[in-house]
Amino acid sequence: QQQVKQSPQSLIVQKGGISIINCAYENTAFDYFPWYQQFPGKGPALLIAIRPDVSEKKEGRFTISFNKSAKQFSLHIMDSQPGDSATYFCAAAGGTSYGKLTFGQGTILTVHP
Amino acid sequence: GAVVSQHPSRVICKSGTSVKIECRSLDFQATTMFWYRQFPKQSLMLMATSNEGSKATYEQGVEKDKFLINHASLTLSTLTVTSAHPEDSSFYICSARASGTDTQYFGPGTRLTVL
């Protein structure tokens, strides 16, 4: 029940295209859903986060869409750039997790020039 | 965003020695710090949660006597890998969270190689 399932495992997009990564969760007590970006050999960096009281949040080229009834949320990267090539992790926290993040498996994004 | 540092960024040690990794929150007070390890091409695995001034809470399967965690101040937590062995070689990452918030800010990670 604590799992967060992320897909796809890898994604290749052309420059200027839209990258879409999906996550699904089971624990209805989760109430905080962040996305992190990680470059090789570096720690994850927070990109954007959402709470269940809104269905969408946008920050620059990054948008989170949230579907509470389906227990799914997704990251959309508009106008994808080669510099966006990295591993992306979704995560969830809330309820009795006491702030601990449950991470998805990660998506390796490659943006071709 | 808030800044979290880790030191050292890379360490190579001989089997049987102990290694200490420091995690510092540079511009905020971190009431809670988390320690993760990450294997190549895998997700982050939470090892333990530490709250300032109290004992760390370890995840199932993590040996608390092997991975000693100290969170003595609101800006510093340390992870000591005791009697390290080659299977302890990994990428160790800390994160820090301020009181009353959900946001975790991650450090840059420490690459541990045990020969």
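In order, the protein sequences belong to chains D and E.
Just so we're aligned, residue 24 is where the first sequence starts under this note's numbering, counting upward by one.
Just so we're aligned, residue 167 is where the second sequence starts under this note's numbering, counting upward by one.
Just so it is clear, CB atoms sit at the ideal spot from N, CA and C, and this is done for glycine as well.
Beta-carbon contacts of residue i that lie in its chain and below 6 angstroms, excluding the five residues immediately before and after
i, result
"Glu82/D", "Ile71"
"Ser243/E", "Cys189, Met199, Ser216, His237"
"Ile73/D", "Phe56, Lys80, Ile87, Phe89"
Proximal residues of chain E, C-beta to C-beta of residue i below 7 angstroms
i, result
"Lys55/D", "In the sequence as presented, Lys is not what sits at residue 55/D; that position holds Tyr. Here the neighbours are Asp268."
Under the three-state DSSP convention, the category residue i falls into
i, result
"Pro252/E", "helix"
"Thr119/D", "helix"
"Pro105/D", "helix"
"Pro57/D", "strand"
"Thr133/D", "strand"
"Leu278/E", "strand"
"Ile178/E", "strand"
"Ser92/D", "coil"
"Arg203/E", "strand"
"Ser42/D", "strand"
"Thr223/E", "strand"
"Phe112/D", "strand"
"Gln208/E", "coil"
"Ala214/E", "strand"
"Arg84/D", "coil"
"Ser78/D", "coil"
"Leu124/D", "coil"
Residue of the options minimising C-alpha distance to residue i
i, options, result
"Ile100/D", "Ser88/D, Ala68/D, Tyr121/D", "Ser88/D"
"Lys165/D", "Arg74/D, Val36/D, Leu132/D, Thr125/D", "Given a span of 24 to 136 for chain D in the structure shown, any question on residue 165/D remains unanswerable."
"Thr192/E", "Val170/E, Lys221/E, Tyr258/E", "Note on identity: in this sequence residue 192/E is Leu, with Thr being the wrong assignment. The shortest Cα separation from Leu192/E among Val170/E, Lys221/E, Tyr258/E belongs to Val170/E."
"Phe85/D", "Ile131/D, His135/D, Ile41/D", "Ile41/D"
"Gln226/E", "Glu218/E, Ala214/E, Gly219/E, Leu234/E", "Ala214/E"
"Leu234/E", "Phe205/E, Ser175/E, Leu245/E", "Leu245/E"
"Asp102/D", "Asp54/D, His135/D, Gly117/D, Gln32/D", "His135/D"
Within-8 angstroms CB hit, residue i to chain E
i, result
"Ala68/D", "yes"
"Ala116/D", "yes"
"Lys91/D", "no"
"Phe112/D", "yes"
"Lys65/D", "yes"
Chain D contact residues for residue i, given Cβ-Cβ distances below 7 angstroms
i, result
"Thr215/E", "Lys123"
"Arg263/E", "Gly122"
"Thr291/E", "Here chain E comprises residues numbered 167 to 281, so residue 291/E is not present and cannot be evaluated."
Sequence-distant residues of the same chain with beta carbon closer than 7 angstroms to residue i, five excluded per side
i, result
"Gln195/E", "Leu240, Thr241, Ala264"
"Phe200/E", "Leu212, Thr215, Cys260, Ser261, Gln270"
"Thr223/E", "Ala214, Thr215"
Neighbouring residues, chain E, relative to residue i (Cβ below 8 angstroms)
i, result
"Ala109/D", "Those do not exist, as Ala109/D stays about 13 angstroms from chain E at its closest Cβ, beyond 8 angstroms."
"Ala72/D", "Asp268, Thr269"
Any C-beta of chain D under 8 angstroms from that of residue i
i, result
"Phe233/E", "no"
"Gly275/E", "yes"
"Leu192/E", "no"
"Leu212/E", "yes"
"Ile187/E", "no"
"Phe205/E", "no"
Proximal chain E residues relative to residue i, where beta-carbon distance stays under 9 angstroms
i, result
"Gln171/D", "As displayed, chain D neither begins before 24 nor continues past 136, which places residue 171/D out of reach and without an answer."
Under 8 angstroms from the C-beta of residue i: neighbouring residues of chain D
i, result
"Ile178/E", "Per Cβ cutoff of 8 angstroms: no residues; Ile178/E is ~15 angstroms from chain D at best."
"Leu240/E", "Neighbours of Leu240/E on chain D: none; closest Cβ ~16 angstroms, over 8 angstroms."
Beta-carbon proximity list for residue i, same chain, < 8 angstroms, skipping 5 on both sides
i, result
"Val177/E", "Val185, Ile187, Thr276, Arg277, Leu278, Thr279"
"Gln26/D", "Tyr48, Glu49, Thr125"
"Ser158/E", "Because residue 158/E is not part of the residues shown, which for chain E are 167 to 281, the question remains open."
"His251/E", "Ser181, Gly182, Val280"
"Ala114/D", "Val27, Phe56, Pro57, Trp58, Tyr59, Leu124, Thr125, Phe126, Gly127"
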